[in-house]
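Residue numbers (this note's numbering), protein chains in the order written: chain A, 423 to 775; chain B, 423 to 775.
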């Protein structure tokens with residue numbers, strides 16, 4: 423049970439959330455606690471859909487903002503329960519993103535009269551396949567619940583505004599050949615040797631750097647998997663190279679796909695997975711007000727996040743959270759207490775003004 | 423039961439052996455039939471070791487030869503029972519190598535007074551890992567059973583003498599890198615991209631052609647498997663390329679390993695498997711007599727065969743069988759009836775002279 427004292431302290435609240443294990447698929451206990459805490463706040467109306475918990479104010483403000491965070495973590499790596507040491511809290515999910523979820527829950531519980539109407543949104547299964555992602559499911563089943571003029575996703579950004587996100591696309595580039603017995607290799611065509619040209623293209627590729635709204639997006643094109651071969655005595659007739667292309671928000675998915683295909687004219691290219699980029703969306707009034715309070719220049723988000731789901735729903739969204747993105751998913755994951763306090767103060771100054 | 427009539431006809435005998443399914447590991451029923459047939463010949467003394475069946479004459483001849491063949495086949499591919507069509511017998515094992523085993527069994531049953539003492543040797547598990555190979559097991563447990571002045575392995579050679587064999591070596595060449603999130607790929611080093619240099623070396627490699635005793639051995643160096651990758655969003659830190667080197671009999675295994683290592687000075691090279699080449703061994707008197715009867719120039723055996731086990735035991739050995747080596751292991755495997763009859767006649771002329 424999250425007491426009023428814990429809800430009033432975002433650092434204690436972070437520890438409390440971290441100490442309820444909630445690896446993707448196992449969020450129910452944590453969602454129960456979050457729901458109970460929100461139901462204790464008379465200014466919020468609360469809904470639960472599976473392990474998605476929503477709490478909204480209805481103050482009749484002209485604008486609505488969303489504060490959103492996921493409740494799940496990657497698998498525990500011997501790093502629970504949490505452990506405090508100086509300015510650090512160590513543990514699974516401290517950075518990604520229970521410290522961020524704690525900020526949203528802390529504000530939900532303690533800011534009774536925000537200057538915008540607010541939807542607080544806690545969801546499950548962000549760390550696994552998109553089909554299970556609670557925000558994705560909600561966007562499909564209750565799209566009206568995402569409706570807002572602006573959204574902040576409390577993913578780890580180390581206290582900076584990380585705006586928009588790059589798109590990500592996976593493609594399989596296939597080199598083909600002809601099987602033969604390895605003792606008579608000249609009767610075949612070696613597909614793995616042929617795939618060398620794919621690697622040469624990848625190695626020589628110069629990724630773009632694109633600046634939008636003052637945010638610089640650095641692209642990347644990389645082989646992430648390779649496989650080929652039939653048996654130890656057979657010239658292989660197929661070699662598959664899986665490629666991941668991270669592209670700046672000035673490209674649509676279709677443009678990104680055409681770009682990848684154009685790089686490998688001599689090979690079969692199959693696009694296997696794709697998620698759009700999100701423009702930074704910093705030109706709106708609420709975004710500018712928020713940037714003023716943060717007082718730091720915005721940066722590009724490197725990596726795909728659920729801000730793209732808000733962008734796809736027509737809601738400008740950015741990432742802002744206390745965790746360090748470079749520590750996400752690592753056994754040594756931790757968060758700085760001072761970043762939690764600073765983040766809470768920033769959000770309060772903006773929301774309660 | 424193999425009747426005297428069937429044993430007297432190498433074509434009928436081939437069909438009879440083919441129609442007893444004997445995929446590696448399942449040779450017992452066929453070995454039983456072979457053993458019973460051999461025990462029916464009063465001039466032979468017969469032994470059974472597992473599914474290895476041995477039959478020997480003891481006529482006090484000054485020299486002994488071995489006729490050897492394996493009883494197992496690769497997995498059936500909808501090609502049993504056998505089917506005759508014109509000059510062809512279709513079916514699993516027709517070429518590799520029940521037609522060859524049939525010749526040995528036919529001669530064992532019908533040549534009571536060969537000019538050399540003969541050991542007829544039928545063994546199991548040639549088509550699977552070397553540890554299970556019946557000839558290999560026999561060489562370890564009863565090395566004296568292989569003792570001879572000359573050996574013929576009735577592997578498919580399409581009626582030609584294929585002498586010696588190439589060595590075969592497998593090595594894993596590993597490219598390493600540094601993991602990073604694919605959204606921040608510049609923080610990592612992509613091992614799959616790095617492996618492109620391995621493919622470039624393989625693609626540019628000029629294999630040797632080596633002639634010994636009139637037999638020309640054509641080498642080959644090929645990637646046979648490749649693997650690498652951690653996850654769809656991670657820059658991979660390892661890419662493994664498995665290479666198969668087929669080398670001519672003028673190179674020892676140690677020389678072959680040094681050659682492979684020398685090609686990839688910038689990568690880790692691990693030799694994972696190795697089998698020596700066998701010199702053609704055509705300079706002995708019995709080999710020359712046999713070549714005279716065949717009346718065709720010898721060729722190099724392309725591919726590793728168990729002749730190397732005889733060579734390692736100090737017994738000159740060559741391959742000679744009616745099957746077509748290019749049909750081995752294929753669903754459309756078949757053997758020409760005329761090749762079976764010609765092979766039987768050649769062996770009889772040599773052995774019964």
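Built from N, CA and C at the ideal position, the CB exists for glycine as well.
Rounded to the nearest whole angstrom, the CA to CA distance from residue 661 of chain B to residue 650 of chain B is 4 Å. Under a criterion of Cβ atoms nearer than 8 Å, no residue of chain A is adjacent to residue 741 of chain B; the nearest Cβ is some 12 Å distant. Taking every protein chain shown into account, the CB of residue 680 of chain A has fewer than 16 other CB atoms within 10 angstroms, so this residue is exposed. For residue 637 of chain A, the closest Cβ of chain B is not nearer than 8 Å. For residue 465 of chain A, no beta strand (DSSP E) segment is defined, and its DSSP state is neither H nor E. DSSP, reduced to helix, strand and coil, places residue 688 of chain A outside both helices and strands of the structure shown, so it counts as coil.
Residue 751 of chain B sits in coil when the DSSP states are folded into three classes, being neither helix nor strand. Beta bridge pairing from DSSP links residue 460 of chain B with no other residue. As computed with DSSP, residue 488 of chain A is found in a beta bridge with A:541 and A:573.
Assignment of residue 732 of chain A by DSSP, reduced to helix, strand and coil, places it in the helix class.
Listed along chain B, no residue sits closer than 8 Å to residue 541 of chain A by beta-carbon distance, the nearest being about 28 Å off. With a minimum length of 4 residues, the unbroken runs of alpha helix (DSSP H) contained wholly in the segment 493 to 538 of chain B fall at 521 to 532. Apart from the 5 residues on each side of it in sequence, residue 742 of chain A sits with its Cβ closer than 6 Å to the Cβ of 574, 579 and 583 in its chain, given in chain order. At the C-beta level, residue 502 of chain A and residue 449 of chain A stay beyond 8 Å of one another. Sequence-distant Cβ neighbours of residue 552 of chain B in its own chain, meaning closer than 8 Å and more than five residues away, are 558 and 697.
Check the Cα spacing between residue 621 of chain A and each of A:647, A:602 and A:631: the tightest is with A:647. When the five nearest sequence neighbours on each side are left out, the beta carbons in the same chain lying within less than 8 Å of the beta carbon of residue 601 of chain A are those of 610, 652, 656, 657, 658 and 659, in order along the chain. Sixteen is the threshold: since fewer than 16 other Cβ atoms of the shown chains lie within 10 Å of the Cβ of residue 719 of chain B, the residue is exposed.
In the DSSP assignment, residue 668 of chain B falls within the beta strand (DSSP E) that extends over 660 to 669. Interface flag for residue 547 of chain B against chain A is unset, since no Cβ pair is found closer than 8 Å. Here residue 757 of chain B is bridged, per DSSP, to B:511.
When the Cα atoms are used, residue 758 of chain A and residue 518 of chain A turn out to be separated by approximately 12 Å.
Using beta-carbon distances, residue 615 of chain B counts as an interface residue toward chain A, with a partner under 8 Å.
At a cut-off of 8 Å between beta-carbon atoms, residue 624 of chain A makes contact with chain B. Taken atom to atom, the span from the alpha-carbon of residue 770 of chain B to that of residue 740 of chain B is near 17 Å.
Under the Cβ criterion of 8 Å, residue 628 of chain B is not counted among the residues facing chain A. Secondary structure of residue 584 of chain B (DSSP, three-state): strand.
In the three-state DSSP reduction, residue 446 of chain B falls in the coil class, being neither helix nor strand. Chain-order list of chain A residues neighbouring residue 592 of chain B: 654, by C-beta distance under 7 Å.
Under the three-state reduction of DSSP output, residue 674 of chain A falls in the coil class, being neither helix nor strand. A direct Cα-to-Cα measurement between residue 723 of chain A and residue 478 of chain A gives close to 27 Å. DSSP, read as helix, strand or coil, puts residue 737 of chain B in coil. The three-state secondary structure of residue 679 of chain A, taken from DSSP, is helix. Chain B has no Cβ within less than 8 Å of the Cβ of residue 553 of chain A.
At a cut-off of 8 Å between C-beta atoms, residue 722 of chain A does not count as an interface residue with respect to chain B. Here residue 568 of chain A is not near residue 689 of chain A, since their CB atoms are 8 Å or more apart.
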